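Structure record follows, encoded as structure tokens.
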Amino acid sequence: MPTYAALIYSPDVDNSHADQTETMAAYGAFGQAAAAVIRGGAALYPTATATTVRVKEKGGDLITADGPYAETKEVLTGFYLLECADLDEAIAWAAQIPGAWDGAVEVRPTIAM
Amino acid sequence: MAPGQPSDGVLERTVRDEGRAVLATLIRQTGSFDVAEEAVQDTVVRALERWRTTGVPAHPRAWLIAAARNRAIDIIRRDTGRPIKEGAAHAMTTRPDDELTGLPDDTVLPDDVLRLVFTCCHPSLSPEAQVALSLRTLCGLSTPEVARALLVSEATMTKRLTRARQKIRDAHIPYRVPADHELPQRVSAVVATVYLMFNEGYAATAGATHVRADVSDEAVRLARLLHELLPDEVEVTGLLSLVLLVHARRSTRVDANGDLVLLAHQDRAQWDHVAIREGVVLVGEGLRRTPEHPDRYVVQAAIAAAHCLASSSTDTDWTAIVSWYDVLSRLDASPVVRLNRAVALAERDGAAIGLEEIEAIDGMADYPLWHASRAELLRQLGRRADAATAFDLALGLPLTDAQRRHLVNRRDSTTDS
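Chains as they are written, first to last, in my numbering: chain A, 29 to 141; chain B, -18 to 398.
Right, here's the structure in full:
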């Protein structure tokens, strides 16, 4: 069965902070509901902790930049790996991820390696 | 042409209609959109060449399925790296060829074409991609034909179609009829795509051609196919009815010079009265199905029917039309609906009342038809200078060439007399 990355874009808040308990509880509930299809995932620390890495060409100079790849109101705040029968099932699960309510969830098929 | 030899038009139509069913079946059997499409395309080209001289065989579909399946086997053998439904290649390649040639017509499952419809109009594809893919796959146009129909370059269209097929394959867009609980939403999406296709052909928003009949013809054909496949969906009934009634007037919308002819001046004898009768019956059916909550497309079709059934503009039942617009406004509170209602209101209650209603609509400064409708009513009220200014405002916005010529004429005749 194909595996999909559900990339969660939501407001750039610190989900490890106590004031996000409610949000994290909602994610906990999703985690239980979707246990059968979740193959992995993580909540991310806010973009203030992010470092963007670029290399000009293979083996070339390393350029690091403070912050996320693209600075927008909604940022990548977490992801799941979901193993589903097809895109419709993956979309149905993605719609239940709390991030879909105050942000968006991007669903992308993963390449088996 | 020798007797028994089909004309090119008939032949092409047969091959395209049958090709769709064959493609739908082959996708199910191979589990691959790509392989099936390539196989059917090659087969269709061969069939066209061959049947032009031999005539169409008694069971064209069986012939096409057998030939396309053989071609698919070749493609799979040539390119085993393709992602193929497990076992499909094996099952297909181990089937003796003599068995394939005698396949009965019913090898196409009733839901095969419907599955293809829902795949081509999957909401995860962009509307442009859905329209392009539907023309290519459901209507059987070639890629250059789709490009011409939608006024984009062949390279752009090739890229658009390739990207859509890639997404179907890599994201595993399912090849199935949606479950009952998903069906209403998915049917709406399909109907919206076909209606978009119809309008795309009917009134290009800008440019030289005002009516691109080919795309609209295809959309009408597709609406008919949907109605056959989903006879219980009232939205589909409404769609077919609406496109039939609007399309029935196509030959009178522009004159021999390519100039626009307004509804009031169209030669009603030239309308397609067979299509009108069919559309009117479907409107009635749609209204009976859901009398309490009429469907949006059914209501628009009812308005089109009121125009089609009138023997002249003055003979039109404007009271009924205004009432239908009242119903439509409750389903779709867009400014365009309000504008159309205001124009009907002007016919029923006079230009002054219509103008008042038009001027009460906010947010239409960029909509040329708002300015043009306002200009016509100002002109009727004898406010010539105001009318000319309003025509000029409309002319400052994107228009088709035919619309532009029409509005220039109206403006000039407003200031001249």
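The beta-carbon is built from N, C-alpha and C at its ideal position, and this holds for glycine as well. None of the values given here were measured: they were computed from a predicted structure.
Can you list the residues of chain B that residue i reaches, using a CB-CB cut of under 7 Å?
i: Leu115/A; result: Ser105, Ala152, His153, Ile154 and Pro155
i: Pro30/A; result: His153
Should residue i go down as buried or exposed, given a rule of 16 or more other Cβ atoms within 10 Å for buried?
i: Tyr97/A; result: exposed
i: Glu99/A; result: exposed
i: Pro137/A; result: buried
i: Ser315/B; result: exposed
i: Thr295/B; result: exposed
i: Gly127/A; result: buried
i: Pro77/B; result: Annotation note: pLDDT 38 at Pro77/B (below 50); position unreliable, no value reported.
i: Thr396/B; result: exposed
i: Gln(-10)/B; result: The amino acid occupying residue -10/B in the given sequence is Gly; Gln does not appear at that position. Exposed.
i: Leu358/B; result: buried
i: Trp129/A; result: exposed
i: Leu131/B; result: buried
i: Asp87/B; result: With a pLDDT of 44 at Asp87/B, under the threshold of 50, the modelled position of that residue is not reliable, and the figure given next carries that caveat. Exposed: under 16 other Cβ atoms inside 10 Å.
i: Arg82/A; result: exposed
i: Thr74/B; result: With a pLDDT of 47 at Thr74/B, under the threshold of 50, the modelled position of that residue is not reliable, and no figure is offered here.
i: Val26/B; result: exposed
i: Tyr73/A; result: exposed
i: Arg311/B; result: exposed
i: Val262/B; result: exposed
i: Ser44/A; result: exposed
i: Ile139/A; result: exposed
i: Glu163/B; result: exposed
i: Asp307/B; result: exposed
Which chain B residues sit within Cβ distance under 9 Å of residue i?
i: Pro126/A; result: By Cβ distance, chain B contributes nothing, its closest Cβ being about 21 Å from Pro126/A, past 9 Å.
So which residues on chain B does residue i lean against when the C-beta distance must stay under 8 Å?
i: Pro137/A; result: Asp151, Ala152 and His153
Look at the Cβ atom of residue i, then the Cβ atom of residue j, and state whether they are nearer than 7 Å.
i: Thr79/A; j: Thr92/A; result: yes
i: Gly106/A; j: Ala71/A; result: yes
i: Leu221/B; j: Arg202/B; result: no
i: Trp299/B; j: Arg322/B; result: no
i: Ser354/B; j: Val324/B; result: yes
i: Ile54/B; j: Val3/B; result: no
i: Val168/B; j: Glu216/B; result: yes
i: Tyr33/A; j: Leu109/A; result: One point to set straight first is that residue 33/A is Ala, not Tyr, in the sequence displayed. Result yes, Cβ atoms of Ala33/A and Leu109/A sit closer than 7 Å.
i: Val133/A; j: Ile125/A; result: yes
i: Pro41/B; j: Glu(-1)/B; result: yes
i: Gly121/B; j: Arg(-3)/B; result: yes
i: Ala113/B; j: Val98/B; result: no
i: Arg58/B; j: Thr24/B; result: no
i: Ala368/B; j: Ala356/B; result: yes
i: Pro196/B; j: Glu214/B; result: Checking the sequence, you will find Val at residue 196/B rather than Pro. No, Cβ-Cβ distance for Val196/B and Glu214/B is not below 7 Å.
i: Arg117/B; j: Leu142/B; result: yes
i: Val264/B; j: Ala283/B; result: yes
i: Ala286/B; j: Leu226/B; result: yes
i: Leu210/B; j: Leu95/B; result: yes
i: Asp116/A; j: Pro155/B; result: yes
i: Thr408/B; j: Glu266/B; result: Given a span of -18 to 398 for chain B in the structure shown, any question on residue 408/B remains unanswerable.
i: Thr174/B; j: Gln111/B; result: yes
i: Val37/B; j: Thr(-5)/B; result: yes
i: Met178/B; j: Ala145/B; result: no
i: Pro349/B; j: Leu320/B; result: no
i: Arg150/B; j: Asp93/B; result: no
i: His387/B; j: Leu241/B; result: yes
i: Val235/B; j: Ala383/B; result: yes
i: Met29/A; j: Ala122/A; result: no
i: Glu109/B; j: Pro125/B; result: no
i: Leu223/B; j: Gln281/B; result: yes
i: Val41/A; j: Glu111/A; result: no
Go through the stretch 123 to 189 of chain B residue by residue and report every complete run of the beta strand (DSSP E) that reaches 3 residues or more, in order.
-> Qualifying beta strand (DSSP E) stretches: none in this window.
Tell me the start and end of each unbroken alpha helix (DSSP H) in the stretch 287 to 324 of chain B that is at least 4 residues and wholly inside, in chain order.
-> As far as the stretch 287 to 324 of chain B is concerned, its whole alpha helix (DSSP H) runs of at least 4 residues are 299 to 312.
Contained alpha helix (DSSP H) runs [length at least 4] in the stretch 206 to 245 of chain B, N- to C-terminal order = Fully enclosed alpha helix (DSSP H) runs of 4 or longer: 215 to 228.
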